[in-house]
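**Student:** Got a structure here, written out as structure tokens. Questions coming.
Number of protein chains: 4
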Amino acid sequence: MAANTFGELFRLTTFGESHGKAVGGIIDGCPSGQKIDFEFIRNELIRRSTNKNSFSSQRNEPDTLQLLSGIENNITTGSPIAFIVCNENQCSKDYIDLQHVFRPSHADYTYLKKYGFNLPGGGRASNRESVSRVVGGAIAKQLLAKKNIFVQAFVSRIGTVALESVPENNILKKTEASPLRCPDENVTKKMEQLLTEAQQQGNTLGGIIHCVVKGVPVGLGEPVFDKLQADLAKAMMSINASKGFEYGNGFEAATLFGSENNDIFHAENGIIRTKTNRSGGIQGGISNGEKIYFNVAFKPIPTLMQTQQTVDSEGNNKTIEPKGRYDVCAVPRAVPIVEAMAALVVIDHYLRHFGYIAFRS
Amino acid sequence: MAANTFGELFRLTTFGESHGKAVGGIIDGCPSGQKIDFEFIRNELIRRSTNKNSFSSQRNEPDTLQLLSGIENNITTGSPIAFIVCNENQCSKDYIDLQHVFRPSHADYTYLKKYGFNLPGGGRASNRESVSRVVGGAIAKQLLAKKNIFVQAFVSRIGTVALESVPENNILKKTEASPLRCPDENVTKKMEQLLTEAQQQGNTLGGIIHCVVKGVPVGLGEPVFDKLQADLAKAMMSINASKGFEYGNGFEAATLFGSENNDIFHAENGIIRTKTNRSGGIQGGISNGEKIYFNVAFKPIPTLMQTQQTVDSEGNNKTIEPKGRYDVCAVPRAVPIVEAMAALVVIDHYLRHFGYIAFRS
Amino acid sequence: MAANTFGELFRLTTFGESHGKAVGGIIDGCPSGQKIDFEFIRNELIRRSTNKNSFSSQRNEPDTLQLLSGIENNITTGSPIAFIVCNENQCSKDYIDLQHVFRPSHADYTYLKKYGFNLPGGGRASNRESVSRVVGGAIAKQLLAKKNIFVQAFVSRIGTVALESVPENNILKKTEASPLRCPDENVTKKMEQLLTEAQQQGNTLGGIIHCVVKGVPVGLGEPVFDKLQADLAKAMMSINASKGFEYGNGFEAATLFGSENNDIFHAENGIIRTKTNRSGGIQGGISNGEKIYFNVAFKPIPTLMQTQQTVDSEGNNKTIEPKGRYDVCAVPRAVPIVEAMAALVVIDHYLRHFGYIAFRS
Amino acid sequence: MAANTFGELFRLTTFGESHGKAVGGIIDGCPSGQKIDFEFIRNELIRRSTNKNSFSSQRNEPDTLQLLSGIENNITTGSPIAFIVCNENQCSKDYIDLQHVFRPSHADYTYLKKYGFNLPGGGRASNRESVSRVVGGAIAKQLLAKKNIFVQAFVSRIGTVALESVPENNILKKTEASPLRCPDENVTKKMEQLLTEAQQQGNTLGGIIHCVVKGVPVGLGEPVFDKLQADLAKAMMSINASKGFEYGNGFEAATLFGSENNDIFHAENGIIRTKTNRSGGIQGGISNGEKIYFNVAFKPIPTLMQTQQTVDSEGNNKTIEPKGRYDVCAVPRAVPIVEAMAALVVIDHYLRHFGYIAFRS
């Protein structure tokens, strides 16, 4: 069921796999009359597909966006926005002989059991699916920017190397200046050392992405099941390889006394604010006007340049020998995906809240 | 919008607040002909409302369940199951004078901004809302039990005191034997010491709940947006006071090498299993037949027996003096709520998957 | 699945049957801060349950509404609005012996096949379910009235006796003055004659209800699948015993030339109007500011005071002998149900449209 | 909102307009492992686009279907099925000068008001949108055929010329043999005479389509809001130019006595059937195993080869002079659209019902 649709009012439906002709999607519910900058979307796709580091395979995916409907003369028309991105190298022979041998910690086994099929390249489990999320997010970001809401993520950990504090300013600039999308030069260097070590072993590493949403007005989120953090959690845990989500001070809150954890209200020039923001900008499921922030943990990519034991669909012991594409770490490339999903959640709740408010006026 | 409904095929819609006449809900989509044990539901309600420890206020809430429709002679009829639980003490005067003074880290401020109201007792943000979740979960659990699926949670951390390893057997018995729902006697004692310390300060503590779902067949979950872990994350992050979610080895996965994190497949008597289960029973968003497990972090309750600074709705400085109910730690009481939400997610995906499969046969 | 929920943003979920303890529902998504007149709701319930004519059984159903949450001091709080109406005579022994004998043109057979059950009184197929629709509609009507939108229906046909033209003014007054809810005194008398004839035979009659919605602003409705007329059609065809729906000139349009059927635009004091309104106030699925009107056809109630042939669940021939309640014609009582469903559709599309519009401003 | 998505479990999302690059859609929820015959889909597209009569404009639309994902080697994979049909003549200059002059009984005015735009060719109100419905329906039909469920529609009325009785056999063959898709040779001739008359006047005609669904098992449909007839009504009223819907004996039921309208049950070789089928195969919202049938009324196309009065967006009087494409009657071409929407409703309820049933076994 609605497994390929995300959102209630601003809805993204996606399709496609890496081995097929194209990936793409339909955005339904985008308000009309909104100016869209395609250069921005293209840039987001480039952010998703390329790394300036030597720890990723070179894909040469141009990711050329074709818009099929919904935007004319760069203005949204109110019609559904359909888009496709063709796959350049449709048939990846590298994967084909793995079809009945289950790669460890991949989705091969569960897909075969659920669908009776095991598509090359992982089918919908392929990271290529995230192209459509990034396009949807790039449109959502542009709408949010008009309301002065901005989403920015960066890598805060790779393996055992972690960023200690979140930079206050110029996050985007610092992040994009780092080949690993970590907004600290020294930490980036330590991460590179660790990644070099992993690469020499044919090994991989995961990490953590920290995401900040600034400018969210008070009132977004629904109080019970569709709490803002609940929808953010779902969005993040729907990204491939994510293993955990926390917002505000997250798991640390479990270790503190109430008196250490509470955010005290005060008034600044007539505006009610909290002195601290351990709540991560959300109280009772609803945004309180402070900065929203959260962490998403990613596991290391399971494809290794090492021989791995496994079984085939008949239960016979098999080994998987290294070949084909190999990424030491996918976390830097997941940064725009985290941002895209956050933007989709926030624009959806924005429309939900302001529609609701509109009646009262 | 559907803010008060959870699920796609097995849908729970809830209503009610602590200060009103009743809480309750409607379960839509429950298969007909299923035997329901009301004693089990009542016991789950007792688990939610009482603690055998001295760190919680005594509520004397009998939580008498009234069934209005959908079950006759203990058998589900296929009609929507409606239930109410009346509130014994509707009007809690303790709360009324707080209506325009924002309690720190509560939902008072955000609710006032969103709805123009600030209901006594926190309105829908009150933990009383969880009564309906527990009833819904208690019915879901009974359906799951018929398919040999069992959900069991326990407290694995309070403040700085943590359980080091998950017990293999008799989790339910050990958990319910502990006044803090921690299935280890020694750890329970250390937790009690810490709670006593907090209580003496008028302070509060949060913690972590660990939840295990056994017996889930291969194939539950949808591969893209409605991954099983994504729906579990949303469910858990919709519980009051939760701050983080991780499944399998969770945030730890971000620190490991791929070779340390992968789960190797092997065959046991013709059945394909993984040797380790860092994946937490889910791969590619779909259950793989292994045990599903996850952690949920809870912040300390923000209501303290200490004077706290705050402001009122006009921005005037105010203090909140301690009075009324006070719980040192709500985490043990959240155990059945975590279980209930997990059961709702699993039964929903069970119906989604097996309906889908049914066509093929 | 969502079989017991209606609406996207203003959502009514209903429960209950005539033989159970209560019927009721939950309204989710009602804007907060709206004044609600309970006397109006009670009056709508009276309209549903009583007739001033002698062609209906006397039910003595007081239909006492109990509000459980969501409205305080007559103001909506933004929380879900839960309500119940207890059934006075829960156990109708009249029906019990019919449980395995299928009443002609009732839902006994299909329910037994679908649910494995055949509840007394028809279960959810009982007209008693409409109590919840009327309560939901009565709240929707009050919100619409604040936006100067009014819904009014009346009986335009019973059996072979039809009203020839729709009255221009005082429809509500004329309708409620008629014991058959037909706003024409002479036609009412002819209908009474026909109903007397039917009653003498132990027979029943159906009819047509005409419904008018005035004051709908331009822009309500979605252009493709959720056209305003499509959602109205679904709403009306979900009412028990309805057999057909048409809006504007409806089926007559199929017989006309385009030149006879088109509505010509002109400007009246700067406002664009159509000279005729064969379109029934909707063009391209979206309201055009003209009066919305439609017809709903109802079949005669299948319960007769005549012996009828049928079979039981084993296929044995049986006869059903007349007894118990008997209504010659239920159409007058369906008038407030048609209005309620229309109001639910219009408020839902109102919220959908104005939320969408809100972003643009 | 979900305005461009239809269905709950088998979901079709569509996009595109006649003046844009392409139309298309995504089908989500199609069971995997189903064989798909593309020749059948192409043939359905041909049925939608061509007529063998002289009353329609010649479009030369090849309607070449491009499949982008979800079907490999003619077998559904369980992934979303994405498809596009490119528009050959994207820019129809004929329409452009009408952008701010409202064509009578078209959607120009309401679209301008709702979206602030008035796209050439009618935007999403263009009949070109139905291409995607026909593709979705053609896949649904193939799945239904495996369960021996067949959908067949035909023209039963054009203007004042009506078919008097429904043929018992070979409906498809007789229908497709008629240039007007009316399965009776003599009636077809009378319709042709009337259409010639209309054509000479530059006028247009509407009509009625009768649709039959054979082989539906007992139990499809939900008892309250999602009654099978309610979802069929919504589906049909979402088709452009439809004005009314009735199932079974429909509006005629409003004129009959209960004794004339009831369907008497009897047993045929142990199978419970009704002797008559005025219920149209649905009782209490649920299919009863008899043939489902219904009528859909269509208005005449509002574009005439006659000068028509209207206004522009400033309220100035304007005339619309005839030019461009012109169809005397679109009803024959709507036959496959009616069938497609019926197939989408039935497959969706099939999946809903059998998923529900699957749990019980």
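Chains as they are written, first to last, in our numbering: chain A, 261 to 621; chain B, 261 to 621; chain C, 261 to 621; chain D, 261 to 621. Note that beta-carbon positions come from the ideal geometry of N, C-alpha and C, so glycine has one too.
Starting from Leu325/D and walking both ways along the beta strand (DSSP E), at which residues does that stretch end?
**Tutor:** It spans Leu325 to Ser329 - the beta strand (DSSP E) in which Leu325/D sits, taken as one unbroken run.
**Student:** Straight-line CA distance for Val394/A to Ser392/B?
**Tutor:** Their Cα atoms are separated by approximately 37 angstroms.
**Student:** Report the neighbours of Thr337/B on chain C: residues whose CB is nearer than 8 angstroms to its CB, in chain order.
**Tutor:** Residues of chain C passing the Cβ test: Tyr375, Phe377, Leu379 and Gly383.
**Student:** DSSP has Arg271/D in a bridge; who is on the other side?
**Tutor:** Asp288/D, per the DSSP bridge assignment.
**Student:** Note down, in chain order, every chain B residue with its Cβ under 9 angstroms from the Cβ of Gly285/D.
**Tutor:** Here the premise fails: no neighbours, minimum Cβ distance about 17 angstroms.
**Student:** Anything in chain D within Cβ reach of Ala342/B, meaning under 7 angstroms, just list it in chain order.
**Tutor:** Chain D residues near Ala342/B: none, gap ~13 angstroms exceeds 7 angstroms.
**Student:** Roughly how many whole angstroms lie between the Cα atoms of Gln402/A and Asn334/A?
**Tutor:** Roughly 12 angstroms separates the two Cα atoms.
**Student:** Of the residues that make up the segment 468-495 of chain A, which ones have a beta carbon closer than 9 angstroms to any beta carbon in chain D?
**Tutor:** Residues: none.
**Student:** For Tyr355/A and Gly381/A, I'd like the C-alpha separation in whole angstroms.
**Tutor:** Unreliable placement is indicated for Tyr355/A, whose pLDDT of 45 sits below 50; no coordinate value is reported for it.
**Student:** Whose Cβ in chain D lies nearer than 9 angstroms to the Cβ of Asp523/A?
**Tutor:** Neighbours of Asp523/A on chain D: none; closest Cβ ~34 angstroms, over 9 angstroms.
**Student:** Go to Asn521/C, then tell me how far its alpha helix (DSSP H) extends in each direction, as first and last residue.
**Tutor:** Counting along the chain, the alpha helix (DSSP H) containing Asn521/C begins and ends at Gly518 to Asn521.
**Student:** For Asn521/A, which residues of its own chain have a beta-carbon under 6 angstroms away from its beta-carbon, when the five flanking residues on both sides are left out?
**Tutor:** Ala513 and Arg538, listed in sequence order.
**Student:** Pairs of beta-carbons, one from the segment 409-429 of chain A and one from the segment 467-476 of chain A, closer than 8 angstroms: are there three or more?
**Tutor:** Enough Cβ pairs lie closer than 8 angstroms, so yes.
**Student:** Going along chain C in order, which residues have a C-beta closer than 7 angstroms to the C-beta of Leu611/A?
**Tutor:** Within 7 angstroms Cβ-Cβ: Gly615 and Phe619.
**Student:** Taking all protein chains shown into account, do 16 or more other C-beta atoms lie within 10 angstroms of the C-beta of Thr448/B, making it buried, or fewer, making it exposed?
**Tutor:** So Thr448/B counts as buried.
**Student:** Looking at Gly285/A: is its Cβ nearer than 8 angstroms to the Cβ of Leu269/A?
**Tutor:** In this structure, Leu269/A does not lie closer than 8 angstroms to Gly285/A by Cβ.
**Student:** Quick check on this structure: which residue in Phe517/C, Tyr507/C, Gly508/C and Lys503/C has the alpha carbon closest to the alpha carbon of Phe511/D?
**Tutor:** Closest option to Phe511/D, Cα to Cα, is Lys503/C.
**Student:** Using 8 angstroms as the threshold, is the C-beta distance between Glu482/D and Ala495/C below it?
**Tutor:** Against a cut-off of 8 angstroms, the Cβ pair of Ala495/C and Glu482/D comes out as no contact.
**Student:** Is any beta-carbon of chain B found at less than 8 angstroms from that of Ala458/A?
**Tutor:** Chain B, which has a Cβ nearer than 8 angstroms to the Cβ of Ala458/A, makes this yes.
**Student:** By the 8 angstroms beta-carbon criterion, what residues does the segment 278-302 of chain A contribute toward chain B?
**Tutor:** Answer in chain order: no residues at all.
**Student:** Are Gly396/D and Ile287/D touching if we call contact CB-CB under 8 angstroms?
**Tutor:** Going by C-beta atoms, Gly396/D is nearer than 8 angstroms to Ile287/D.
**Student:** Residue range of the alpha helix (DSSP H) that Glu457/B falls in?
**Tutor:** Glu445 to Gln461 is the span of the alpha helix (DSSP H), which, as asked, contains Glu457/B.
**Student:** Say whether chain A places a C-beta atom closer than 8 angstroms to the C-beta of Ile330/D.
**Tutor:** It should be noted that the sequence gives Gly, not Ile, for residue 330/D. Answer yes: the Cβ-Cβ gap between Gly330/D and chain A drops below 8 angstroms somewhere.
**Student:** Using a Cβ-Cβ cut-off of 7 angstroms (strictly less than) and excluding sequence neighbours within five positions of Leu372/C, which residues of its own chain qualify?
**Tutor:** Within the same chain, Leu372/C has close Cβ partners Asn378 and Ser573.
**Student:** How would you list, in chain order, the residues of chain B whose beta-carbon sits under 7 angstroms from the beta-carbon of Thr273/C?
**Tutor:** Those are Thr273, Ile286 and Asp288, listed as they occur along chain B.
**Student:** Leaving aside the five residues before and after Ile524/D along the sequence, list all residues of the same chain whose C-beta is less than 6 angstroms from its C-beta, in chain order.
**Tutor:** Excluding sequence neighbours, Ile524/D sits near Lys535.
**Student:** What would DSSP say about Gly381/D, mapped onto helix, strand or coil?
**Tutor:** Helix, per DSSP.
**Student:** Is the segment 555-562 of chain A touching the segment 586-599 of chain A, taking contact as three or more C-beta pairs under 8 angstroms?
**Tutor:** Yes, they touch.
**Student:** Please identify the residue among Gln453/B, Ile468/B, His279/B and Arg302/B whose C-alpha is closest to the C-alpha of Val595/B.
**Tutor:** Ranking Gln453/B, Ile468/B, His279/B and Arg302/B by Cα distance to Val595/B puts Ile468/B first.
**Student:** Using the Cα positions of Ala444/C and Leu455/C, report the straight-line distance between them to the nearest angstrom.
**Tutor:** For the record, residue 444/C in the displayed sequence is Asp; it is not Ala. Approximately 16 angstroms between the Cα atoms of the pair.
**Student:** Quick one, are the C-beta atoms of Glu277/D and Gly383/D less than 8 angstroms apart?
**Tutor:** It is a contact, given that the beta carbons lie within the stated cut-off.
**Student:** Quick one, which of Phe343/D, Gly615/D and Pro427/D has its alpha-carbon nearest Thr324/D's?
**Tutor:** Answer by Cα proximity: Phe343/D.
**Student:** When the cut-off is 8 angstroms and only beta carbons count, does Met451/A lie next to chain B?
**Tutor:** Closer than 8 angstroms: no.
**Student:** Give me whichever residues DSSP pairs with Asp572/C in a beta bridge.
**Tutor:** Val361/C, per the DSSP bridge assignment.
**Student:** If you follow the beta strand (DSSP E) that Ser416/A is part of, which residue opens it and which one closes it?
**Tutor:** Note, Ser416/A: beta strand (DSSP E), Phe410 to Ile418.
**Student:** In three-state DSSP terms, what is Leu611/B?
**Tutor:** Note: Leu611/B maps to helix in three-state DSSP.
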